[in-house]
Amino acid sequence: MRKLIILKTLIDFIWILSCIPILILGFTFSIYMFFNTDILELTRFAGIETEAPMWQKQLFIIVGYGIICGFIYAIFLFRKTLRLFQQRNPFDSYVIETYNKMGKILIGLSIISMICVFIVRIVFTSKIEFTLGLSPYLLLMSLGLFFMVLSESFKIAKHAKQDSELSI
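Taken in order, the sequence shown gives residues 60 to 227; the numbers are from my numbering.
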């Protein structure tokens with residue numbers, strides 16, 4: 060139980076100090092960049108300095124902000140499931156559905172992120188570059204698959220628990 064409290068505290072700490080400010084500042088920046096395009100001269104895309112048209116930069120910032128909001132939503136769902144774990148209700152149908160939803164969100168966002176970085180490199184540097192090895196996108200996809208497997212495991216455990224309660 061102590062590990063669960065530490066995990067919940069850590070996730071709440073990340074939520075309060077990172078996620079909420081990112082949502083607020085990202086939204087503010089996304090609106091402000093349409094009124095003052097000079098601020099986009101300070102931005103870099105995937106570590107690349109570029110002289111692309113403003114509309115392309117604005118489009119990629121909006122897409123990137125949408126991806127970040129998706130990750131923040133997954134953290135929000137994880138916080139809610141941890142609350143149910145603290146209430147000693149891990150086999151609730153909400154937890155099972157949420158883990159499956161989190162898995163699908165993480166897999167989708169990792170694929171979208173991979174495609175977006177590939178497109179940014181093509182548009183801004185006119186080079187096609189493939190790298191083999193460990194990447195954050197594959198790790199996020201693996202995490203998404205882990206949550207989906209965890210959802211299925213909890214579903215099986217819930218049915219086993221209900222069957223054992225009926226046999227008593």
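Ideal Cβ placement from N, Cα and C applies to all residues, glycine included.
Nothing here was measured: the structure is a model prediction, and the numbers come from that model.
- When DSSP states are grouped into helix, strand and coil, residue 186 belongs to the coil group.
- Nearest to residue 91 by C-alpha distance, out of 63, 120, 74, 70, is 120.
- The stretch 154 to 163 and the stretch 207 to 214 touch, with three or more beta-carbon pairs separated by less than 8 Å.
- Membership of residue 140 in the alpha helix (DSSP H) is indicated by the continuous run 113 to 145.
- The Cβ-Cβ distance between residue 138 and residue 71 falls below 8 Å.
- By the Cβ neighbour-count rule, residue 185 is exposed, with fewer than 16 other Cβ atoms within 10 Å of its own.
- Judged by DSSP in its simplified three-state form, residue 60 adopts coil rather than helix or strand.
- Per DSSP, reduced to three states, the secondary structure at residue 148 is coil, with no helix or strand assignment.
- Of the candidates 220, 140, 98, 124, the residue whose Cα lies closest to the Cα of residue 81 is 124.
- Counting along the chain, residue 79 sits inside the alpha helix (DSSP H) bounded by residues 79 to 94.
- Scanning its chain for C-beta atoms nearer than 7 Å, with the 5 sequence neighbours on each side dropped, one finds around residue 181 the residues 187, in chain order.
- In the three-state scheme derived from DSSP, where H, G and I count as helix and E and B as strand, residue 201 is classed as helix.
- Under a 10 Å Cβ-count criterion, residue 219 is classified as exposed, with fewer than 16 other Cβ atoms of the shown protein chains found around its own Cβ.
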